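See below for the structure under consideration.
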Amino acid sequence: MRVGRIALVGRPNVGKSTLLNQLVGQKLSITSRRAQTTRVQVQGILTMPEVQMIFVDTPGFQQQYGGMLYRSMNRSVTDALGTVDQVVMVVEALRWTPADQAILLQIPAGIRPLLVINKVDRVASSERMIPYLQARQEETRFSAIFPVSALQRSCLDPLVRYLGQHLPEGPLQYEPDQVSDRTERFFVGEFIREQLFRQLGDELPYATAVMIDRYVQEERLIRIEATLLVDNPGQKAILIGQQGSRLKAIGTAARLQIEKFLGSKVYLGLWVKVKSGWAEDGTLLKQLGHDF
Numbered sequence: 001m002r003v004g005r006i007a008l009v010g011r012p013n014v015g016k017s018t019l020l021n022q023l024v025g026q027k028l029s030i031t032s033r034r035a036q037t038t039r040v041q042v043q044g045i046l047t048m049p050e051v052q053m054i055f056v057d058t059p060g061f062q063q064q065y066g067g068m069l070y071r072s073m074n075r076s077v078t079d080a081l082g083t084v085d086q087v088v089m090v091v092e093a094l095r096w097t098p099a100d101q102a103i104l105l106q107i108p109a110g111i112r113p114l115l116v117i118n119k120v121d122r123v124a125s126s127e128r129m130i131p132y133l134q135a136r137q138e139e140t141r142f143s144a145i146f147p148v149s150a151l152q153r154s155c156l157d158p159l160v161r162y163l164g165q166h167l168p169e170g171p172l173q174y175e176p177d178q179v180s181d182r183t184e185r186f187f188v189g190e191f192i193r194e195q196l197f198r199q200l201g202d203e204l205p206y207a208t209a210v211m212i213d214r215y216v217q218e219e220r221l222i223r224i225e226a227t228l229l230v231d232n233p234g235q236k237a238i239l240i241g242q243q244g245s246r247l248k249a250i251g252t253a254a255r256l257q258i259e260k261f262l263g264s265k266v267y268l269g270l271w272v273k274v275k276s277g278w279a280e281d282g283t284l285l286k287q288l289g290h291d292f
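Residue 1 is where the sequence shown starts when you use UniProt numbering, and the numbers rise one by one after that.
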């Protein structure tokens with residue numbers, strides 16, 4: 001049996017979470033068009049005959065912001081790199097930025113990462129990829145290069161075969177039917193947070209956090225109550241919306257995703273609370289799953 005941990009690393013918004021979801025066949029990491037949607041590590045487990053792959057989706061490594069929250073997110077990336085058997089670096093087709101180069105330099109010298117070039121479906125002509133591929137092949141650190149479209153699930157099977165063939169032998173680390181190490185409560189919070197990113201303006205999603213206050217399995221449904229934390233009263237007003245319309249839309253969309261994930265009817269109650277400086281509160285951040 002070949003078993004191992006595989007880190008997915010890359011700058012924000014290159015499609016790491018979409019890739020993870022497609023590889024394990026289930027939505028585990030939330031996605032949006034905005035960068036830095038992922039805040040904590042999420043493990044997705046793919047078990048096949050003779051192979052178990054434990055994919056670690058990390059937050060996008062960033063150098064733009066400081067603060068305790070973003071330091072924790074970067075720490076999550078560096079911690080993952082020290083505990084895995086393989087590293088998959090994800091980049092966007094036709095793009096290689098200083099941020100990409102910085103991430104490559106973060107990977108320990110003893111590891112030869114595999115390069116996944118994502119979003120090739122956006123390239124109008126395959127001929128445009130030739131010089132880009134040649135330039136990436138000149139970087140001798142990469143063990144292999146795979147152009148893919150995670151969104152369309154194109155060319156993922158060869159990637160999975162390659163990864164499985166290069167894992168060490170060992171016993172299963174998780175039961176064959178387990179798809180993640182995270183709890184249902186964690187994913188409920190993530191689905192709510194996903195709607196904050198999808199339905200709010202450019203800045204507000206980054207100033208919010210989700211706390212699951214209650215998660216109770218009743219006879220006919222699962223009752224969930226959550227608090228949305230914001231920094232100031234103005235953000236609270238925007239999040240609630242006129243006569244509660246924005247909060248209701250967020251709750252409805254999140255509930256539908258949660259019901260699909262849990263396979264059960266769900267009651268979802270949302271409240272908004274002002275907690276100034278929550279992103280610098282170490283105790284609170286640990287409750288939200290961040291490590292320091």
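Positions of the beta carbon are idealized from the N, C-alpha and C atoms, including for glycine.
Source: prediction; values computed, not measured.
Query - For phenylalanine 142 and arginine 115, believed in contact at Cβ under 8 Å, the rounded distance - result: It is leucine, not arginine, that sits at residue 115 in the sequence shown. The pair is a contact, with the Cβ atoms about 4 Å apart (cut-off 8 Å).
Query raised in the report: Would you say phenylalanine 191 and isoleucine 30 are within 8 Å of each other, going by their C-beta atoms?
Result: Yes, they are a contact pair.
**Report entry** Best match in Gly234, Gln165 and Ser264 for proximity to isoleucine 272 [C-alpha to C-alpha]
**Finding:** The sequence shown places valine at residue 272, rather than the isoleucine named in the question. Of Gly234, Gln165 and Ser264, the residue nearest in Cα terms is Gly234.
Report task. Buried or exposed for tyrosine 267, please, with buried defined as at least 16 other CB atoms from any protein chain shown within 10 angstroms of its CB. Result -> exposed
Query - DSSP beta-bridge partners of phenylalanine 146 - result: Val116
Query raised in the report: Does the distance from the CB of lysine 265 to the CB of leucine 229 come in under 8 Å?
Result: no
Query raised in the report: Enumerated in chain order, which unbroken segments of the beta strand (DSSP E) with a length of 3 residues or greater are wholly contained in the UniProt domain "KH type-2" (200-276)?
Result: 209-217, 222-230 and 266-274
Report task. Give every residue of the same chain whose Cβ lies closer than 6 Å to the Cβ of threonine 47, excluding the five residues on either side of it in the sequence, and list them in chain order. Result -> Pro176
Query raised in the report: Going by DSSP, what residues sit across from serine 154 in a beta bridge?
Result: Answer is Ser149.
Query raised in the report: Taking the C-alpha atoms as reference points, what is the distance between lysine 260 and alanine 226?
Result: 18 Å
Requested in this report: Spatial neighbours of isoleucine 250 within its chain, please: CB distance less than 6 Å, with the 5 preceding and 5 following residues excluded, ordered by chain position.
Outcome: These residues qualify, in order along the chain: Gln195 and Gln199.
**Report entry** Boundaries of the beta strand (DSSP E) in which glutamine 43 is found, first to last residue
**Finding:** 42-48
Report task. Would you list the one or two residues that DSSP bridges to isoleucine 30? Result -> BP columns for isoleucine 30 are empty, so no partner.
Query raised in the report: Can you give the Cα-Cα distance for tyrosine 65 and glutamate 184, rounded to whole angstroms?
Result: Only weak support exists for where tyrosine 65 lies, its pLDDT of 49 falling under 50; the value from the coordinates is given anyway. In this structure, the straight-line span from the alpha carbon of tyrosine 65 to that of glutamate 184 is close to 30 Å.
Query - Element boundaries [alpha helix (DSSP H), containing aspartate 100] - result: 98-106
Requested in this report: Out of Leu256, Asn232, Arg214 and Thr252, point me to the one whose CA is closest to alanine 279's CA.
Outcome: Asn232
**Report entry** DSSP beta-bridge partners of glutamate 92
**Finding:** Paired residues: Asn118.
Requested in this report: Measure from the alpha carbon of valine 87 to the alpha carbon of each residue in Lys286, Glu219, Ala207 and Pro113, then state which is nearest.
Outcome: The residue among Lys286, Glu219, Ala207 and Pro113 with its C-alpha nearest the C-alpha of valine 87 is Pro113.
Query raised in the report: Does valine 9 have its Cβ less than 8 Å from a Cβ in chain C?
Result: Reference to chain C is not applicable here, since this structure consists of a single protein chain.
Requested in this report: Taking only the alpha-carbon atoms, compute the straight-line gap between glycine 170 and alanine 207 and give it to the nearest angstrom.
Outcome: 43 Å
Query - Beta bridge counterpart(s) of aspartate 57 as assigned by DSSP - result: Per DSSP, the beta-bridge partners of aspartate 57 are Leu8 and Val42.
Query raised in the report: Cβ atoms of glycine 15 and alanine 102: under 8 Å apart, would you say?
Result: no
**Report entry** Local Cβ density within 10 Å of valine 210, reported as buried at 16 or more and exposed below that
**Finding:** Around the CB of valine 210, 16 or more other CB atoms lie within 10 Å, so the residue is classed as buried.
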